[in-house]
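If you count the sequence shown from 1, you need to add 59 to reach the numbering used here.
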Amino acid sequence: MAKLSDVGEREAIRLLTAIFDRGHPIGLGHDCGVVEWGEDYLVITTDVVNPRTHIPGGSRPDQVGWYLVAVNLSDVAAAGARALGFVAALSLPPSTDTDFLRGLGQGMEACAREFGIAILGGDTKESDVPSFAGTAIGRVRKDRILLRKGARPGDAIVVTGDLGRAGLAYAQLADPATRAEGLEELLRPYPRLREGAAFSDSGIVTSCMDISDGLGLSLAQMAAMSGLSYSVEWEKVPLHKPLETMPADRQREYALYSGGDYELVATVKPEAAADLVARVNEPHRGSHHELTVIGTVERAGPNTLAAGGKREPLQGRGWEHFRPSHSG
Ligand SMILES: [Mg+2]
């Protein structure tokens with residue numbers, strides 16, 4: 060009998076999908092589940108955070124609280140939906156300091172306020188190990204929902220923000236001098252709800268997903284859903300600024316194969332890509348790298364990375380639970 064550590068997270072999901080799949084038009088395997096609601100879909104997503112996988116030692120409780128809300132809202136953003144609310148189930152050992160719980164709640168509240176929603180309620184339970192399950196709800200017009208599939212060959216691939224931020228932050232944890240900075244970056248992802256809504260409103264974005272586990276793995280998952288391949292041009296990938304002076308292999312490891320950036324990767328009709336980039340980049344913050352075209356959707360085949368005039372495989376590896384690392 061295989062263990063989860065042998066098969067990994069994606070096989071575990073496949074096992075459950077085979078049980079739950081009822082052949083609905085929008086089935087399982089997207090960033091959110093959907094429920095028909097008149098003209099709209101309600102979208103629902105849940106993500107659990109626990110000390111072993113997501114909360115490095117030294118994290119402040121408010122950072123953990125922000126993270127719990129943010130990673131769930133990131134999936135709502137990926138569906139192109141507006142966030143409506145959030146609930147959480149918190150499992151805590153009885154020895155937990157009340158200050159920890161207060162900090163956790165304050166971090167959750169800060170993130171919810173930032174994105175215009177409220178924490179609607181939840182549950183607290185006693186357990187041997189801490190574990191925090193969040194659930195976010197959103198709403199999107201039926202004909203404007205964004206899914207992992209829907210791309211067509213020739214579509215442009217775009218990405219929000221810059222990549223490699225979390226990979227670098229994770230590496231910074233090893234050095235006491237940079238650990239606090241690394242924790243702050245890792246645990247403070249900024250869900251791209253504004254961009255996701257703009258994608259949805261545009262009517263020209265054909266598919267979307269959030270990059271929770273690295274671009275390589277996200278594009279492998281999109282390829283599995285769409286039956287197409289994704290070709291990325293390395294020179295166009297917007298790098299997190301401190302990466303720019305690093306050796307190429309580290310840049311790639313952080314920007315393509317490390318989890319935790321929570322940017323959106325989307326596909327857009329090629330003739331409209333420039334228009335979308337202009338529309339998303341225009342109103343906010345005035346900083347660089349808001350939305351960048353990084354490649355093209357192609358017919359079925361392996362995902363590729365074009366770099367220095369050569370094409371190589373874009374690997375479908377990144378962060379996967381139940382086993383430390385995985386390629387495929
Ligand atoms: Mg996701």
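Don't be surprised by glycine CBs; every beta carbon is placed ideally from N, CA and C.
Taking L143 as the centre and dropping the five residues before and after it, the same chain places the C-beta of I176, I196, G197 and R198 closer than 7 Å to its C-beta, in chain order. Look at the beta carbons and you see the stretch 322 to 335 touching the stretch 262 to 270: at least three pairs across the two are nearer than 8 Å. When only Cα atoms are considered, Y249 and A257 end up about 16 Å apart. Positions of the alpha helix (DSSP H) runs, each at least 4 residues long and wholly inside the stretch 287 to 365, are given as 307 to 316 and 332 to 340 in order along the chain.
In this structure, S259 is the residue among K369, S259 and L206 with its C-alpha nearest to the C-alpha of R338. In the structure shown, W125 adopts helical secondary structure according to DSSP, grouped into three states.
Applying a distance threshold of 7 Å between residue Cβ atoms and the heavy atoms of ligand 1 selects D90, S133, D134, A137, M268, D269 and S271, given in chain order. Assignment of beta-bridge partners to R198 by DSSP yields L101 and R141. Assignment of C91 by DSSP, reduced to helix, strand and coil, places it in the coil class. The stretch 232 to 247 makes no contact with the stretch 307 to 314: fewer than 3 CB pairs, one atom from each, lie closer than 8 Å.
With contacts defined by Cβ atoms closer than 8 Å, G354 and E292 form a contacting pair. Between the stretch 148 to 168 and the stretch 118 to 137 there are three or more C-beta pairs closer than 8 Å, enough to call the two in contact. For the stretch 141 to 178, the continuous alpha helix (DSSP H) assignments of 4+ residues that do not extend past its boundaries occur at 157 to 173, in sequence order.
For V66, no pairing in a beta bridge is given by DSSP. Here P84 carries a coil assignment [DSSP, helix/strand/coil]. Judged by DSSP secondary structure, S266 falls within the beta strand (DSSP E) whose first and last residues are V264 to D269. For A230, no beta strand (DSSP E) encloses it; the enclosing alpha helix (DSSP H) starts and ends at R224 to Q231.
In the DSSP annotation of this structure, the continuous segment of the beta strand (DSSP E) that includes A215 starts and ends at A215 to T219. A contact is defined here as three or more CB-CB pairs under 8 Å, and the stretch 214 to 223 fails this definition with respect to the stretch 97 to 116. In the DSSP assignment, A192 is bridged to V107 and A148.
Distance from the Cα of G375 is smallest, within the candidate group S317, G367, V352 and P153, for S317.
Looking at the backbone, the Cα of A366 and that of P152 are separated by about 50 Å.
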